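Everything below concerns the one structure shown next.
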Amino acid sequence: MCNCGCNTCKTKIRGPLLTEGLISKSLISENLQYHIDKNIPLMENVFRIGSDAHLSMIKEARKLYSRGVLDLCEEDEGLMETHLGEFDLFENEIVPLDLPMIDLKESKYEKVKVGDILTKDGKKGKVVKVMDDMANVDFGNGDVYGITFSRIKGKEIVNENEQLDEKKKAKKKTKKDPPIGKPKRGGPKAYYVYVRDPKTKKIKKVTFGSGGLRAKIRNPKARKAFAARHKCSQKTDRTKPSYWSCRLPRYASQLGLGANMNTFW
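Note that the sequence shown covers residues 130 to 394 in our numbering.
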């Protein structure tokens with residue numbers, strides 16, 4: 130194994146070396162490609178030992194190595210003979226294999242388990258994941274915080290130096306409410322509109338209109354007959370289809386039915 134790829138000279142490789150022509154770089158993860166480009170051995174992983182990024186990259190490298198696609202240094206070859214990057218069930222918990230773990234029994238801090246309740250500033254959080262020397266704690270606001278065991282005494286967090294979990298680093302996108310009270314074309318019927326129910330305070334989608342009388346919206350007699358037949362003057366509930374059907378002419382412009390008309394159907 131050598132840097133030039135000829136496999137004949139005695140120059141030893143240091144970082145992972147991709148065998149040319151056997152695989153497209155597009156099939157390699159960005160993390161592993163970084164180690165290849167920077168000539169960094171897997172044993173000197175740039176990610177925190179035991180992190181998701183670290184374990185997934187070791188697993189990916191093992192797969193490529195077994196196919197003869199990746200050349201490795203002697204130390205990294207030894208790493209491929211382990212089960213690092215794999216997980217298994219132990220005492221009803223999913224644990225990483227061949228990953229050195231801190232001996233919590235000899236620590237002055239109490240061992241933390243999934244389901245334990247920890248406190249911070251008067252708030253209680255539930256441990257949702259334990260890995261290596263980290264405990265991921267959910268305080269109920271949507272964010273999961275990773276806290277090292279060395280900062281936990283008993284069930285109380287005594288030092289705040291929190292790191293947002295990798296999956297929660299990006300801020301949650303605020304879900305925008307749809308436009309309220311603005312009828313649009315489409316849906317199971319001719320039109321639809323979003324309204325806020327005054328009782329539940331929730332947004333409701335109201336579908337209305339059959340489209341059958343669309344051509345007669347400019348006919349005063351047709352509008353008068355419709356309003357009388359459907360008792361439009363009594364329709365005041367905005368959450369009902371009849372309310373919007375009766376007031377269709379008032380939204381004619383945005384529905385493509387011509388100019389708005391301040392009248393019932």
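For glycine and all other residues, C-beta sits at the position ideal for the given N, C-alpha and C.
As the structure is a computational prediction, the values presented were derived from the model and not from experiment.
- Below 8 Å, too few C-beta pairs join the region 247 to 256 and the region 207 to 226 to call them touching: fewer than three.
- Here DSSP, grouped into helix, strand and coil, assigns I187 to helix.
- Across the structure, N221 and T329 are spaced so that their CA atoms are roughly 42 Å apart.
- DSSP places D217 in the uninterrupted beta strand (DSSP E) bounded by 216 to 219.
- According to the DSSP assignment, A264 belongs to the beta strand (DSSP E) that extends over 263 to 267.
- Between P312 and Y323, the CB-CB gap reaches or exceeds 7 Å.
- Shown here, K192 sits in a helix according to DSSP, grouped into three states.
- Excluding five sequence positions before and after L218, none of the CB atoms of its chain fall closer than 7 Å to its own CB.
- Scanning T148, S339, A357, G197 for the CA closest to the CA of A319 turns up S339.
- Nearest C-alpha to R347 among K331, A381, I309, R358: A381.
- Per DSSP, E222 lies in no alpha helix (DSSP H) segment; the continuous beta strand (DSSP E) that holds it begins and ends at 222 to 225.
- Where M209 is concerned, there is no enclosing beta strand (DSSP E), although the alpha helix (DSSP H) around it starts and stops at 203 to 209.
- Residue nearest to S371 within the set F393, I187, L201 is F393 (criterion: CA-CA distance).
- Taking the CA atoms as reference points, C361 sits about 5 Å from C375.
- Assignment of M390 by DSSP, reduced to helix, strand and coil, places it in the coil class.
- Collapsing the DSSP output to three states places L247 in a strand.
- Of all alpha-carbon atoms in V198, G310, E215, the one lying nearest the alpha-carbon of H183 is that of E215.
- Closest by C-alpha distance to D366, out of R143, N265, G310, is G310.
- When only Cα atoms are considered, K167 and L161 end up about 10 Å apart.
- Looking at the DSSP output, T336 sits in a beta bridge with Y321.
- Spanning the alpha carbons of D267 and S158 requires a straight line of approximately 30 Å.
- Shown here, I157 sits in coil according to DSSP, grouped into three states, outside any helix or strand.
- Here L377 is actually not in contact with R314; their C-beta atoms are around 12 Å apart, not less than 8 Å.
- Contact between E285 and T248 holds, since their C-beta atoms are separated by about 5 Å, short of 8 Å.
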